[in-house]
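Line by line, the protein sequences are chains A, B and C. Here the working numbering is used: the first residue of the first sequence is 3, the next is one more, and so on. Here the working numbering is used: the first residue of the second sequence is 1073, the next is one more, and so on. Here the working numbering is used: the first residue of the third sequence is 1073, the next is one more, and so on. Encoded as structure tokens, the structure appears first; notes follow it.
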Amino acid sequence: APAERSGRKVLAAPAVRAMARQLGVDLGLVHGSGPGGRVLKDDVHGARNGHAHPPPELTAPA
Amino acid sequence: MATKTYDAVVIGSGPGGYVAAIRLGQLGKKTALVEKEALGGVCINWGCIPSKALIAAANLVEDLRGAAERGITSEPKLDIAKLREFKDGVVKKMVGGIQVLEKGNKVDVIQGTATFVGPNAVEVDGGGEKTRLEAAAFIVATGARPVQIPGFEFDGKDVWSAKEAVDLPEVPKRLVVIGGGIIGLELGTVYAKLGSKVTVVEALPTILTGVDPEAVRLVQKSLKQREVAIHVNAKAKGLERKGGELVVKVEVDGKEQAIPCDKVLVAVGFRPNSEGIGLDKAGVKVGPKGFVEVNDRMQTSAPSVYCIGDLCGPPLLAHKASKEGEIAAEVIAGHKSVRDWVSMPAAIFTDPEVATVGLSEEQAKAQGYDPIVGKFFFSALGRAVAIAHTDGFVKVVGDRESKLLLGATIVGPEASDLIAEAALALEMGAYLEDVGLTVHAHPTLPEAFMEACKGALGEAIHRVNA
Amino acid sequence: MATKTYDAVVIGSGPGGYVAAIRLGQLGKKTALVEKEALGGVCINWGCIPSKALIAAANLVEDLRGAAERGITSEPKLDIAKLREFKDGVVKKMVGGIQVLEKGNKVDVIQGTATFVGPNAVEVDGGGEKTRLEAAAFIVATGARPVQIPGFEFDGKDVWSAKEAVDLPEVPKRLVVIGGGIIGLELGTVYAKLGSKVTVVEALPTILTGVDPEAVRLVQKSLKQREVAIHVNAKAKGLERKGGELVVKVEVDGKEQAIPCDKVLVAVGFRPNSEGIGLDKAGVKVGPKGFVEVNDRMQTSAPSVYCIGDLCGPPLLAHKASKEGEIAAEVIAGHKSVRDWVSMPAAIFTDPEVATVGLSEEQAKAQGYDPIVGKFFFSALGRAVAIAHTDGFVKVVGDRESKLLLGATIVGPEASDLIAEAALALEMGAYLEDVGLTVHAHPTLPEAFMEACKGALGEAIHRVNA
Ligand SMILES: Cc1cc2nc3c(=O)[nH]c(=O)nc-3n(C[C@H](O)[C@H](O)[C@H](O)COP(=O)(O)OP(=O)(O)OC[C@H]3O[C@@H](n4cnc5c(N)ncnc54)[C@H](O)[C@@H]3O)c2cc1C
Ligand SMILES: Cc1cc2nc3c(=O)[nH]c(=O)nc-3n(C[C@H](O)[C@H](O)[C@H](O)COP(=O)(O)OP(=O)(O)OC[C@H]3O[C@@H](n4cnc5c(N)ncnc54)[C@H](O)[C@@H]3O)c2cc1C
């Protein structure tokens, strides 16, 4: 993904990154449900509860 | 020798150290902050803050000179002593503020020079009296100092460092500034506006190396309008004193020139203050250029020692020092904080101001992006025209494929403030469209950022798209 | 009568209409823009733009008056004719810019008054010559006009509307401003700074109704420092002319007062220009207060007619009009655009400036949030102290549970520019922490926004947290 080129592994806002660190979740393994795959807080929660790769129907835009 | 024990000891009270100490206090750590000179470090005492007080005052005088077209005429008189007093008052106010903040966060401020005697102890020499401070963790934030060049040793009289220049002892008739970087140009501009005939001597092929060339062109144009002479590819070879005046010898393209003047300001860079503080005793590894090596949690090679700010390397910026101070404090307090910023904005308070964040077009290419660029000139922006500050532009760089915003360069009125929105956009992972779709109040300067982002997508409103 | 056919016709060339036309052109629609007066509407000709040109000039004069503490003394002389010329030049430049933009986007600009003769046709009266324009889609953007009050009919001589006040025909010795809202105070402040003795008469219990009371207090304080008299709960009853001077009769708490003056500015609101343009012929429903009813795609009750800007209701703001113009144009071009903004910033160019976006604390409560508030005063910010503009604060409102940012109020230097970052933050769905973790350049004004966000979380650095 192009985002990798800027040295940023995943598209996520600072609060989401901080939360993932705190919870010990690897953002690189989280499916981002935001625009363009942006990882949101809910995605991190989901990943932590064992849904590292949620089924696509759960992440399709509403 | 008395011994005191703390959870953490911070050495150096610049924007790195004083912020780290506040944050440690906030997080419940018993903290000492050791400072050998004035609280606040370079930034508060003779850097960011006082330089900007002078710049703002000089800008006001300058604004006046250009105000005749708006029907405002005046012959401003300048009382340098009064301006210096104002600047001193600003510094005093900020230093007092830091004192209150440290106290409010239960930080002990200790006056003296700290030297490591082991990985968990420093000795503080407070002028005669010595104290031993023991702690589980140390944050070293001793900053950096101006580089001297042979033949131009700082004497506080004829040859100034930034420190003397910011102190504004006088407005010399003729000032030679060696070094056309940020600090040299910020201060050179102040003196030019206050009445000095300024000559800038820069060894590299351009002033403001590393800054967007179009931005540099605008700064250069404005310096020339203020009759500032600029010599690039020029090496300062030596200084002579001839009957009351100074003569700076300069080599340009192999030919020697002599520039007579009354004061010389040398602003060619900063070197880290890593010697003489016993870093070896603590087991801290120092890199080849004297900067302390750290990882992204601000940890050095010694498990008990953290290092932040100018001391651990570029960019030498106050807000970088403060951010690293917060991170180090949080790591000491057991948080999982890490240096993971996407954007580290930089502001240059020349005239016009220049501010940058993220990637330039060149950097984007170098990182493998196919960049798209959007540009909007302040001369087309209602707010800029209304306030009679139309020099400059906003330029944004995005990724052609994903349309992610990658960086921004802003030149013009309030550029230093306007960059904040771009920094937030980058940090949030915004697309060009996110900025373009966000309503921006009219008439305001940030509309230019919005238009530049739209322009990169071929959808600018106030510029005919290519 | 000649007939021309377009894909879309835009009526009214204010910031709503002229932007809509540009966007339609951009999207490949054959477009006409009809204007009966000057291109640019209220905003460009006697609203946002020229008022800010006057405000900026008045601020410069004012800055000078306060500059003695910085060692700058001067006796500025003001040439009103010259300032008016400058302001006219600013307007001319912006109008010229719009012309270029319309042309560049292949929009036909037609001078004249448009009246609907059916849902798909208007007649344009260009002074004698009439043209019929037929189109599949119309965007109506005829804006609004100042409200008159009985006894104070605008005569362009003694009783000014904003239009005359912005034109700056003279600086009256004594000016009574009826209406302590945004426009009345912005212009009242200009005249006070230029030398008028200003009295504000406001019918409600406070000036700037709806704005954060703390912000209002600061504006009020600064008005009083400029010797502006403020009467609240005061009803303007009538105007008398007595031997060369005017006397405004005011009722305060049931008692009548007489305020002698030289000019009266009435700024008590705007009413929509929905009459006389044949909206009924087009089948467009007009609401009880004269505003045209639209849905979130700017569609009226008539399928061919869209309506944007002041004409379709509050807030009466130029950037709202422009945004709606873009949306209407995109909907006409088949895009799925919709009015879905989270943030609609508003800027008030008083002294200090006030800018708001999102929810206030009260609004947050009313919407069922448990709000947390963070506040940071400019008096504690290095940049503000250095530029000698320390009045004001940034106040942010967040949601206690989720820590989402809900809104911001900024009072102080450059507030109108600083609100952009907050607007983007809201639009991006930022948490308080997102702003707090974003590096902000030092020393700059937006650091106050960062500190306020951190403060709401109990983690401000430059303020001792409660
Ligand atoms: C003229 C000028 C203008 C500038 N403008 C800007 C600007 O606009 N924006 C910006 O971001 N940056 C600016 N900078 C750079 C900025 O000042 C530095 O990046 C910043 O001060 C670095 O902070 P620091 O905490 O790392 O160290 P410093 O501020 O250098 O503080 C180090 C402190 O450590 C103390 N110290 C050293 N050794 C010991 C010891 N052994 N024991 C006890 N105390 C010790 C020193 O006395 C000093 O107070 C400017 C610099 C200058 C010179
Ligand atoms: C003194 C002042 C200061 C202001 N400052 C600000 C500010 O700082 N920020 C801000 O956001 N807003 C400001 N406003 C408000 C802003 O000007 C309006 O919100 C904005 O102009 C509305 O735009 P519009 O396109 O809806 O209509 P308008 O700008 O009112 O334009 C309507 C146009 O339609 C034309 N028209 C009307 N009927 C017809 C017809 N039948 N045929 C052809 N043409 C027709 C009119 O001649 C006019 O040019 C200010 C207003 C005033 C008076």
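Just so you know, even glycine gets a beta-carbon here, dropped at the ideal spot from N, CA and C.
Per DSSP, which one or two residues make a beta bridge with residue i?
i: W1232 (chain C); result: C:L1337
i: E1323 (chain C); result: C:K1307 and C:E1328
i: K1149 (chain B); result: C:T1145
i: T1103 (chain B); result: B:A1080
i: A1216 (chain B); result: B:P1344
i: E1317 (chain C); result: C:K1314
i: C1379 (chain B); result: B:V1212
i: E1157 (chain B); result: Paired residue(s): none; E1157 (chain B) is not in a bridge.
i: Y1503 (chain B); result: B:L1476
i: D1471 (chain C); result: C:P1443
i: V1272 (chain B); result: B:V1249 and B:I1302
Would residue i and residue j be called neighbours here (beta carbons separated by less than 7 Å)?
i: V1114 (chain B); j: M1416 (chain C); result: no
i: L1266 (chain B); j: A1130 (chain B); result: yes
i: I1182 (chain C); j: V1196 (chain C); result: yes
i: G34 (chain A); j: D44 (chain A); result: no
i: A1310 (chain B); j: K1321 (chain B); result: It is worth fixing the name first, because residue 1310 (chain B) is Gly in this sequence and not Ala. Yes, the pair counts as a contact, with Cβ atoms nearer than the cut-off.
i: E1505 (chain B); j: A1492 (chain C); result: no
i: R1472 (chain C); j: T1516 (chain C); result: no
i: A1128 (chain B); j: A1487 (chain C); result: no
i: G1397 (chain C); j: F1363 (chain C); result: no
i: L1105 (chain C); j: V1091 (chain C); result: no
i: Q1292 (chain B); j: N1177 (chain B); result: no
i: C1333 (chain C); j: R1217 (chain C); result: no
i: P37 (chain A); j: E1499 (chain B); result: no
i: R1343 (chain C); j: V1219 (chain C); result: yes
i: S1233 (chain C); j: F1224 (chain C); result: no
i: L1173 (chain B); j: I1094 (chain B); result: yes
For residue i, I'd like the list of residues in its chain whose CB is within less than 6 Å of its CB, leaving aside the five on either flank, ordered along the chain.
i: K1467 (chain C); result: K1447 and T1481
i: P1087 (chain C); result: C1115, A1390, A1393 and S1394
i: A1074 (chain B); result: T1203
i: T1428 (chain B); result: A1418 and T1481
i: T1462 (chain C); result: F1450, S1451 and A1456
i: H1534 (chain C); result: A1452 and E1523
i: A5 (chain A); result: Legend: pLDDT at A5 (chain A) = 35, less than 50; position of this residue unreliable, no value from coordinates given.
i: A64 (chain A); result: Residue placement at A64 (chain A) is poorly supported in this model, since its pLDDT is 34, which falls under 50; the coordinates still yield a value, given next. No residues qualify anywhere along the chain.
i: K1307 (chain B); result: A1275 and E1323
i: Y1263 (chain B); result: L1247 and V1270
I think residue i touches residue j, with their Cβ atoms under 8 Å apart; what is that distance to the nearest whole Å?
i: M1522 (chain B); j: V1507 (chain B); result: 6 Å
i: H1303 (chain B); j: V1288 (chain B); result: Their Cβ separation, rounded to whole angstroms, is 15 Å, which puts H1303 (chain B) and V1288 (chain B) out of contact at 8 Å.
i: R1411 (chain C); j: D1368 (chain C); result: 4 Å
i: G1215 (chain C); j: G1084 (chain C); result: 6 Å
i: A1354 (chain B); j: K1101 (chain B); result: Not confirmed; about 19 Å, so no contact.
i: A1080 (chain C); j: A1207 (chain C); result: 5 Å
i: I1144 (chain C); j: P1148 (chain B); result: 5 Å
i: V1358 (chain B); j: S1346 (chain B); result: 5 Å
i: T1271 (chain B); j: T1422 (chain B); result: Not confirmed; about 16 Å, so no contact.
i: V1445 (chain B); j: A1339 (chain B); result: About 32 Å separates the two Cβ atoms, so there is no contact after all.
i: A1230 (chain B); j: L1318 (chain B); result: Note that residue 1230 (chain B) corresponds to Asp in the displayed sequence, not to Ala. Confirmed, Cβ separation roughly 6 Å.
i: S1146 (chain C); j: L1136 (chain C); result: 6 Å
Skipping 5 residues on each side, what residues in its chain have a beta carbon closer than 7 Å to that of residue i?
i: L60 (chain A); result: Its pLDDT being 38, under 50, L60 (chain A) is placed unreliably in this model, and the coordinates cannot settle the point.
i: Y1503 (chain B); result: K1475, L1476 and L1477
i: I1380 (chain C); result: G1088, A1092, I1211, A1213, M1370, A1393, E1396, G1397 and A1400
i: I1121 (chain C); result: C1115, V1162, V1163 and M1166
i: P56 (chain A); result: Reliability fails at P56 (chain A), whose pLDDT of 45 lies under 50, so the model's placement of it is uncertain and the value that follows must be treated cautiously. Counting only Cβ-Cβ distances below 7 Å, and skipping sequence neighbours, we find H33 and G48.
i: V1366 (chain B); result: T1372, C1379 and C1384
i: Y1078 (chain C); result: K1102, T1103, A1104, L1205 and A1207
Residue ranges of each alpha helix (DSSP H) run of no fewer than 4 residues wholly in the region 1375-1451 of chain C, ordered along the chain? 1390-1404 and 1433-1438
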